[in-house]
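Each protein sequence line maps, in turn, to chains F, Z, H and D. Using the numbering used here, the first residue of the first sequence is number 1070, and each one after it goes up by one. Using the numbering used here, the first residue of the second sequence is number 1070, and each one after it goes up by one. Using the numbering used here, the first residue of the third sequence is number 1070, and each one after it goes up by one. Using the numbering used here, the first residue of the fourth sequence is number 1070, and each one after it goes up by one. A short worksheet on the structure shown next.
Number of protein chains: 4
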Amino acid sequence: MLVVMKQSATEEAINRVVETIEAMGYDARPIPGHQRTAIGLVGNDGRVDSARLEGLDGVLEVIAVSHPYKQVSREWKADDTIVTLANGTRIGGSEIAIMAGPCAVENEEQILGVAHTLRGMGATILRGGAFKPRTSPYSFQGLGVEGLELLARAREATGLAIVTEAIDSEGVEIVREYADIIQIGARNMQNYPLLRRAGQSGLPVLLKRGMSATIKELLLAAEYLLAEGNSQVILCERGVRSFDTHTRNLLDLTAIPVVKSLSHLPIIADPSHGTGLRSKVTPMARAAVAAGADGLMIEVHPQPDMALSDGAQSLYPEQFAELMKQIRVIARALDRELVEMPRVAV
Amino acid sequence: MLVVMKQSATEEAINRVVETIEAMGYDARPIPGHQRTAIGLVGNDGRVDSARLEGLDGVLEVIAVSHPYKQVSREWKADDTIVTLANGTRIGGSEIAIMAGPCAVENEEQILGVAHTLRGMGATILRGGAFKPRTSPYSFQGLGVEGLELLARAREATGLAIVTEAIDSEGVEIVREYADIIQIGARNMQNYPLLRRAGQSGLPVLLKRGMSATIKELLLAAEYLLAEGNSQVILCERGVRSFDTHTRNLLDLTAIPVVKSLSHLPIIADPSHGTGLRSKVTPMARAAVAAGADGLMIEVHPQPDMALSDGAQSLYPEQFAELMKQIRVIARALDRELVEMPRVAV
Amino acid sequence: MLVVMKQSATEEAINRVVETIEAMGYDARPIPGHQRTAIGLVGNDGRVDSARLEGLDGVLEVIAVSHPYKQVSREWKADDTIVTLANGTRIGGSEIAIMAGPCAVENEEQILGVAHTLRGMGATILRGGAFKPRTSPYSFQGLGVEGLELLARAREATGLAIVTEAIDSEGVEIVREYADIIQIGARNMQNYPLLRRAGQSGLPVLLKRGMSATIKELLLAAEYLLAEGNSQVILCERGVRSFDTHTRNLLDLTAIPVVKSLSHLPIIADPSHGTGLRSKVTPMARAAVAAGADGLMIEVHPQPDMALSDGAQSLYPEQFAELMKQIRVIARALDRELVEMPRVAV
Amino acid sequence: MLVVMKQSATEEAINRVVETIEAMGYDARPIPGHQRTAIGLVGNDGRVDSARLEGLDGVLEVIAVSHPYKQVSREWKADDTIVTLANGTRIGGSEIAIMAGPCAVENEEQILGVAHTLRGMGATILRGGAFKPRTSPYSFQGLGVEGLELLARAREATGLAIVTEAIDSEGVEIVREYADIIQIGARNMQNYPLLRRAGQSGLPVLLKRGMSATIKELLLAAEYLLAEGNSQVILCERGVRSFDTHTRNLLDLTAIPVVKSLSHLPIIADPSHGTGLRSKVTPMARAAVAAGADGLMIEVHPQPDMALSDGAQSLYPEQFAELMKQIRVIARALDRELVEMPRVAV
């Protein structure tokens, strides 16, 4: 950490900063420059609260030099983390994992039908919401436990792994009974009690980037999971807030190579929420793979215009099949391939 | 709701939209224009999911005409809501309510000392965090129940009302035993299970605007509280995410008159989190009152450079006293005045 | 255009809106709903100033239904515009055009050397700044006319077409003597006198999206060019402003399919400025092609750490060669291929 | 400037950075820490291009410690700059200057009428556009020179000073013949040839903050003016781009105290463009004064619903009179007062 002093800072102000750093238990190292003095704080273990220094007299600004996260960083662990699921899907290695399914589980026919279709097209993970966080209290909020049971039935029938969202601590306890991956949604990225509980669940966690979370904040949220001893974490870029209203969110694909250089955790993309518009999902799914994503999460619905939620961003099954064909080619340009379902009987 | 069709939309596509609207249970009213056709959806009760229409063939865009919130809107209730606390403070009428105190409760001496000081300077509500949501899992997370007990002791000693944050459902149950107002923080603005529980608590709720929440989303989050039967809701502008890093957040004071025209709920401002820098708190607190805020939430710490969190944005007590003097004058320009502590013995 | 009235709007207020619309020379068509009345303005030719209606009594909001741009829209011209250069490069059809070169022209050795290298690797257009708009008045501002002459020499030697920026009206006159494409930079996207002059130049124009321009504003800026009779316009996504500082800008690749659905103009991507970091250029260049870009603009410098500007985002020539290999594969997934230099003697 | 190295950076990479810094003509000072090494660049005169360092092997990030601007900074000149106009108005001292008038000059009756009205209500500077930069090429673009002549006539008749915009270099030459202050609009904040020409004009310049300009970029744009020897510069906050569409822009009032601590230049606010909505102008104008603005620029139109541009954000004259009353009171809370017109015969 570097405390930059104003040009006008007095000797006394500089000493006050040095004393405060030492009182906090760190070493202070003044670095005089031509224009101004800066004071290095040495020995930062990630717990220094810069706010205490920012307000001192004569301080121009405080600049973080070390990163505040630890276990998620590539400096902590150089090798890629690979999350392995019961059905053999590996996320984070050289393969690209495909999660697909409807926004919400609606009924048995819908979810079983789409699961068979998706399995046939090459997905190995089924997505489907049972607990839905909705902006309006008057919107459909999901089938709850009934939805989880339908997902479990679809897994049994197809061999697909299940990823579904938990929106509170009790939900984590229920979801872990049914799912292969617990999803933490964008709105809950900084819901710390929920993160701790998910971290303790023992299951892999899919952590979606918050609406306006910086990459540093995303990694710090993941740090909550790892700090509970859970290193089976998959990050997910799903679009950030922007000033343009042509798309629901602005899919920040550069986050993919940025995260991969800072962290060992796998990162996938969700172009369905990232764009909010069916016709943009296919190009952005292709782009995500080309940018280096370790997987995709895609909304597919057998009858999008009958969907109870997010119909506008759901692909028709035949569009998904076409997309799968295209990303197989793109993956090759990066010396990668799609996860294939192990050829076991189902 | 207005479904705008592309110029190239066929008769068939237009009919498909009309049928879909009718299948959803609403009336469809086509409006031919010179360039294109638009189709009005009449009878929207706030539950229409536009996504279902957006994805249909030939649709250019879907435009919301009614607002999706109800009970929070001024069209639902024309008169200002006034939240009244046990110590007589009224929030939302012609008076301006002042909440002040440290970011976190640290120990008895700190909180009681500052409570007496603030009471003397004219605040009537004491703020102080006992449960702190922190970006890093390694930062100080608050004293928990012990902090709540210290707050209760400060109330007993000074007559100040207490506002403090709950970060999960269990926290709501605990906080309501101690506080006069339950605070829902910015990171939890869309934590719907938490909102429901706070709505059921029977206590007034202070709802902070999320980091990048639109005003519509803020009002919809408040709708979750009102939908549980709790109309004692105070909104709080505390800065939104921006591209400039000179301040921690961008305090959006225009949100104050915007909210007041759309909703009957009171709205206050938190210039401490809104700017993150002590030297900007006083000007922005003055500006918030001038913009029409119903109150202020200000961080004050007896020794900011010893604070366990957010020291850089905490005022020194004497700065707070000076601020109080200035806003008394500004309030007069708007024919308002500061809430005064009822002259009861303490 | 739709004027949405407040629920409380009186008959008189509604009539006032109708009269104002008629006084502006359009038809007014009131549409009563269950909750409120809306008034359609029919016959909008793109010149209606909504501001005049927004401020009227009883008006809740004014919603644009027609798009304010005309000649750039796909509704005006359904077929893709293809910009053809003297050296045979076609931009906007099924091929993908590659523009590459240093940020700034520095000297003859640099620009001729890199031109030969790039030509060998498959680029057909050479980029290089002679007039540089720089944030600080103390930064290197380009070689001016001398830079243009060096670019012309490079074209003569290699057959590459030249794209270079003009930053004022006089600059347009000079640049058109030397370049195949005049570039309008992001900072000048709304410099309307400059746009008009570029529109009159008779040369193809590369128009970069402004730092925080919406897609609508980008298309309206292009409309200035077409309104001068110049339809040889190439749009360029080069990153927008964001709240995260990990990258210089946030490359908005979704803009590519969005623009292609709204407009017939070709759109390319500039991942060098879009990310600002060499290690992110290759993945984002791949992603842009996968998203459907009609071309790429890439900074390549023979010795990036000696560059006079933007060295950090310039690829080494061997990185560019590797990138070209990868995007040839990706293009195939979209049934496209790279523009190849016509096999004429040079 | 501080070059922060990766933990994994080799001795060789560190040496390469040191050598590059020295080759650039500065001193390099390595600062070993517990986790990583950082290298200070000493002697930065504001011309260092960090890009050259960012891309070197082993570099994690480059952090600017000195500010890149000079003459605009308070460290260069500690005392407030005061801009004095021919009619005695002083901007930047203890007084608050009021500029008001219509968005565009429309005809003689309009501009003379409103000028007399505003003068009577206490404004001392008349605003009015003769050259209008418009997002659409089909919108009204101003009366040009005829508009300037009408403004001059209004000055003669009332004693009000004139502020009006120039949008290109030729415009500067024309506007300086008529105006007391040349305005550079938000879209042109980074139009550097225009800034240079305005800097050379000898007239005071009002520089509006760009749509998404950081404060650093605003100050660097002003540096272009001062670098031409013109120190009569007034900055103007007029709202930045945001994700919420309730208002046209997000008025960033915190920019006012931030600019005042970094620079000696005066800064005013334009709540008319900053909000885009008449009903929000008055509260935000009050807030700007309370935040410490040195002046206001307010759109007032005798008949807003007949305005040729921006009618929705123009105050009625009687609203302006009421606003003036309120800000007189608020100014007192800050020990300031409004500029009064010198009592000379007109």
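All C-beta atoms, glycine included, are put in the ideal place defined by N, C-alpha and C. Here the structure is a predicted model, which means the values were calculated and not measured.
As assigned by DSSP and simplified to three states, the class of residue i
i: D/GLU1234; result: strand
i: D/ARG1397; result: helix
i: H/LYS1349; result: helix
i: F/ARG1087; result: A quick correction: the sequence has Val, not Arg, at residue 1087 of chain F. Helix at F/VAL1087.
i: F/GLU1406; result: strand
i: D/MET1074; result: strand
i: Z/MET1190; result: helix
i: F/GLY1364; result: strand
i: F/THR1204; result: coil
i: F/LEU1272; result: coil
i: D/VAL1369; result: strand
i: F/LEU1392; result: helix
i: D/VAL1134; result: coil
i: H/GLU1080; result: helix
Span of the alpha helix (DSSP H), counted from its first residue to its last, around residue i
i: Z/LEU1289; result: 1284 to 1296
i: Z/LEU1219; result: 1214 to 1227
i: D/GLN1252; result: It is not in any alpha helix (DSSP H) - D/GLN1252 instead sits in the beta strand (DSSP E) that spans 1250 to 1253.
i: H/LEU1263; result: 1261 to 1269
i: F/GLY1343; result: 1340 to 1344
Cβ pair residue i, residue j closer than 7 Å
i: Z/THR1419; j: Z/VAL1241; result: Outside the displayed range of chain Z (1070 to 1415) lies residue 1419 of chain Z, so it cannot be described from this structure.
i: H/ALA1082; j: H/ASP1126; result: yes
i: F/SER1348; j: Z/LEU1289; result: no
i: D/ALA1199; j: D/GLY1216; result: yes
i: Z/ALA1381; j: F/ALA1120; result: yes
i: D/THR1193; j: D/THR1227; result: no
i: H/ILE1011; j: H/ASP1363; result: What is shown of chain H runs 1070 to 1415, which leaves residue 1011 of chain H out entirely.
i: Z/ARG1307; j: Z/HIS1333; result: no
i: H/LEU1276; j: H/ILE1251; result: no
i: D/PRO1202; j: D/GLY1279; result: no
i: H/ARG1196; j: H/GLY1170; result: yes
i: F/ALA1376; j: H/VAL1398; result: no
i: D/GLU1368; j: D/SER1378; result: no
Bounding residues of the beta strand (DSSP E) (the contiguous stretch that carries residue i)
i: D/GLU1175; result: Looking at the DSSP string, D/GLU1175 is not in any beta strand (DSSP E), and its letter there is neither H nor E.
i: H/ARG1196; result: 1194 to 1196
i: Z/LYS1139; result: Note, Z/LYS1139: premise wrong, no beta strand (DSSP E); not H, not E.
Beta-carbon separation (whole angstroms), residue i vs residue j, contact threshold 8 Å
i: F/LEU1304; j: F/ALA1291; result: 6 Å
i: D/VAL1072; j: D/ILE1108; result: 4 Å
i: F/PRO1373; j: F/THR1186; result: 13 Å between Cβ atoms; not a contact.
i: D/GLN1388; j: D/THR1351; result: 6 Å
i: D/ARG1265; j: D/TYR1293; result: 6 Å
i: Z/PRO1099; j: Z/VAL1087; result: 7 Å
i: D/ILE1180; j: D/GLY1162; result: Not quite, the Cβ-Cβ distance comes to about 29 Å (not below 8 Å), so this is no contact.
Complete runs of the alpha helix (DSSP H) confined to the segment 1293 to 1336 of chain D [at least 4 residues]: 1324 to 1331
Length at least 4, wholly inside the segment 1148 to 1185 of chain Z: the alpha helix (DSSP H) runs in chain order: none
Give the list of continuous beta strand (DSSP E) stretches no shorter than 3 residues that lie fully inside the segment 1093 to 1129 of chain Z. 1096 to 1101, 1106 to 1111
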